[in-house]
């Protein structure tokens, strides 16, 4: 019996678990980007949502559920410098600015649930969470003043380009602006 026990134990003994993870990195496309982020702004907001429901046609007391969400929003203004059109006239030592790119405004809200209070009879479901999260994100998009960001981003782009053109000025190149954006007395 003892011999049978040891044979059975030896055959059914579980050795250490071996875990194998395989990671596959798939590169679809690599692009070189010449983007300049000229401005970034962060916003935060708290939203409290309260839902009151009648149960059994009002025969039971109303059920209330409440959720508090915290939304962090990041807004960036960037410019794709590949879309900037410059012409270099090396004979007359001029850099001619033909066209500046338009601002790209990226708004990224993230919503976190801070507090959740619901009743046994009236619980939050997935649709409620999606609706509340969508509402918080929509509110975040409305909060960002895109016109003001675009204007301030444009000013910052011009300031950054002015710093870049310092090298051209040091090499005795004249900078001409055909876009009418720069103050030519400063160039």
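Residue numbers (this note's numbering): 56 to 242.
For glycine and all other residues, C-beta sits at the position ideal for the given N, C-alpha and C.
These numbers come from a predicted model, not from an experiment.
Endpoints, beta strand (DSSP E) assigned at residue i
i: residue 221; result: Careful: residue 221 lies outside any beta strand (DSSP E), inside the alpha helix (DSSP H) at 201-225.
i: residue 94; result: 90-108
i: residue 145; result: Careful: residue 145 lies outside any beta strand (DSSP E) and carries neither H nor E.
i: residue 171; result: 159-172
i: residue 137; result: Looking at the DSSP string, residue 137 is not in any beta strand (DSSP E), and its letter there is neither H nor E.
i: residue 231; result: 229-232
Environment of residue i [buried if 16+ CB atoms lie within 10 Å]
i: residue 133; result: buried
i: residue 191; result: buried
i: residue 65; result: exposed
i: residue 225; result: exposed
i: residue 62; result: exposed
i: residue 222; result: exposed
i: residue 122; result: buried
i: residue 59; result: exposed
i: residue 57; result: exposed
Where the alpha helix (DSSP H) through residue i begins and ends
i: residue 190; result: 181-198
Cβ pair residue i, residue j closer than 9 Å
i: residue 128; j: residue 104; result: no
i: residue 195; j: residue 108; result: no
i: residue 153; j: residue 234; result: yes
i: residue 198; j: residue 124; result: no
i: residue 158; j: residue 212; result: yes
i: residue 183; j: residue 106; result: yes
i: residue 151; j: residue 201; result: no
Rounded Cβ spacing between residue i and residue j (contact assumed at less than 8 Å)
i: residue 227; j: residue 149; result: Incorrect: roughly 10 Å between the Cβ atoms, too far for contact.
i: residue 173; j: residue 120; result: 4 Å
i: residue 156; j: residue 135; result: 5 Å
At least three beta-carbon pairs within less than 8 Å, the region 130-144 to the region 167-187: no
The region 206-213 touching the region 90-100, judged by at least three CB pairs closer than 8 Å: yes
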